[in-house]
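Residue 1312 is where the sequence shown starts when you use the working numbering, and the numbers rise one by one after that. Virtual Cβ for every residue (Gly too), placed ideally from N, Cα, C. Since this is a predicted model, take the numbers as computed values, not measurements.
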Amino acid sequence: MAYDVPTAAELKQRFPAFGTVDDEVVDYWITDGQRFVDTSWIEGDYAPALLSLAAHNMALAGLGTDASLAAVPAGVSRFKSGSLEVAMTDAAANARATGSLDSTRYGSEYLVLLRRNKAGPRVSATGIAPFDTYLRFPQGQA
């Protein structure tokens, strides 16, 4: 496996909700995702991260048809069928309004991959000096 940029067909296979979106549009969003996902990522996470980020950005742009929206989506606190009445929790409404990664299932998938690849500094133990060293050489005197 190599760091191959995924294609529009691969995105549509992974996320069928974007099956009707033109390939040129999908390619645009995949290319846009390359600003955030590069070859410093784990090789096996590279393509899934690009696809998830592209799908998230397309969903925010109103592209595709997400089947999960046919059911009650996460964050909905009230739902009424006759004369359709829907209420969202404040957190869900804010996430959707700001376009945070948690606002779509694709963004949530990308977020998991992002944390695995770019979680920030990692700390490891390097050992400690024996206590008597501090007693023999106070203030670094030798």
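Which same chain residues end up closer than 8 Å to residue i when comparing Cβ atoms and leaving out the 5 residues on each side of it in sequence?
| i | result |
| --- | --- |
| residue 1331 | 1375, 1376 |
| residue 1419 | 1412, 1413 |
| residue 1317 | 1341, 1358, 1361, 1362 |
Would you kindly report the start and end of the unbroken alpha helix (DSSP H) that includes residue i?
| i | result |
| --- | --- |
| residue 1340 | 1334 to 1344 |
| residue 1423 | 1416 to 1428 |
Note down the Cα distance separating residue i from residue j, rounded to an integer number of angstroms.
| i | j | result |
| --- | --- | --- |
| residue 1351 | residue 1358 | 12 Å |
| residue 1396 | residue 1362 | 33 Å |
| residue 1342 | residue 1428 | 19 Å |
| residue 1345 | residue 1398 | 36 Å |
| residue 1421 | residue 1336 | 19 Å |
| residue 1424 | residue 1324 | 19 Å |
| residue 1393 | residue 1373 | 25 Å |
| residue 1426 | residue 1432 | 11 Å |
Take residue i and list the residues in its own chain whose beta-carbon comes closer than 7 Å to its own, dropping the five residues that flank it on each side.
| i | result |
| --- | --- |
| residue 1314 | 1350, 1354, 1357 |
| residue 1369 | 1329, 1332, 1340, 1375 |
| residue 1338 | 1319 |
Among the candidates the options, whose CA atom is the shortest distance from the CA of residue i?
| i | options | result |
| --- | --- | --- |
| residue 1360 | 1432, 1398, 1326 | 1326 |
| residue 1366 | 1428, 1398, 1426, 1416 | 1416 |
Verify the CB distance criterion: does residue i have a CB-CB separation below 8 Å to chain B?
| i | result |
| --- | --- |
| residue 1347 | This model lacks chain B altogether, as it is built from one protein chain only. |
Which same chain residues end up closer than 6 Å to residue i when comparing Cβ atoms and leaving out the 5 residues on each side of it in sequence?
| i | result |
| --- | --- |
| residue 1334 | 1319 |
Taking 8 Å as the threshold (C-beta atoms), are residue j and residue i in contact?
| i | j | result |
| --- | --- | --- |
| residue 1348 | residue 1364 | yes |
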